[in-house]
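Per my numbering, the sequence shown starts with residue 13, numbered consecutively.
Comments concern the structure below.
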Amino acid sequence: MRILVVCGAGASSTFVAQRVRHAAQAAGRDVSAVAGTEQSLPIDLDTADIVLVGPHLDTALDRIRAAAAPRGVTVVLLPADVFTDLDGSRTLAIVDDAVAARRALPPTSETPTERTPA
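This is the structure:
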């Protein structure tokens, strides 16, 4: 599974990406988590299965979802206290919940085919 963590400048997303990577590694999972910015999103979306959006970008959420939808990429707004998740396990659980919810949706002609995260 390829996780893209997006924030304004890439600093806070770097911490979240690193923590979720460590949590996945500790759980024996093959997960890639990288940091990005809203500006790099058009390029970064091509290699992402899921996008975690920093809470301070809540006003950009609709725009990010619109960019991700044609690629079948799931987008999740992270909670305001995400930066207190020091070991990344809660953030990884958010990813798992989002992937499970997406898989539970019935396919429609309007829903693009999602890349199936591992």
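A virtual CB, placed ideally from N, CA and C, is assigned to each residue, including glycine.
No experiment lies behind these values; they were computed from the predicted model shown.
What are the start and end residues of the alpha helix (DSSP H) that includes residue i?
{"i": "S44", "result": "Note, S44: premise wrong, no alpha helix (DSSP H); beta strand (DSSP E) at 44 to 49."}
{"i": "L73", "result": "73 to 80"}
{"i": "V94", "result": "It is not in any alpha helix (DSSP H) - V94 carries neither H nor E in the DSSP assignment."}
{"i": "R102", "result": "101 to 116"}
Taking the beta strand (DSSP E) that residue i falls in, what are its first and last residues?
{"i": "V65", "result": "62 to 65"}
{"i": "L53", "result": "Taken as a continuous stretch (DSSP letters only), L53 belongs to no beta strand (DSSP E), being part of the alpha helix (DSSP H) at 53 to 56."}
{"i": "V87", "result": "86 to 89"}
Alpha carbon to alpha carbon, what distance is there between residue j and residue i?
{"i": "S44", "j": "L16", "result": "8 Å"}
{"i": "V85", "j": "V107", "result": "12 Å"}
{"i": "L90", "j": "V28", "result": "10 Å"}
{"i": "R83", "j": "V111", "result": "15 Å"}
{"i": "T96", "j": "V88", "result": "17 Å"}
{"i": "D99", "j": "Q30", "result": "9 Å"}
Candidates the options: which alpha carbon is nearest residue i's?
{"i": "D42", "options": "D109, R114, L104", "result": "L104"}
{"i": "A47", "options": "I76, V94, L73, V65", "result": "V65"}
{"i": "H68", "options": "T49, I62, A80", "result": "T49"}
{"i": "R115", "options": "I62, V32, T26, R75", "result": "I62"}
Could you check if residue i is buried or exposed, using at least 16 other CB atoms within 10 Å of its CB as the buried criterion?
{"i": "A130", "result": "Model confidence at A130 stands at a pLDDT of 48, short of 50, so the residue's coordinates are unreliable and nothing is read from them."}
{"i": "S52", "result": "exposed"}
{"i": "A60", "result": "buried"}
{"i": "A35", "result": "buried"}
{"i": "G40", "result": "exposed"}
{"i": "L117", "result": "exposed"}
With hydrogens ignored, establish whether the beta-carbon of residue i is closer than 7 Å to any heavy atom of the ligand SAM.
{"i": "D93", "result": "The ligand SAM is not part of the structure shown, which contains no ligands of any sort."}
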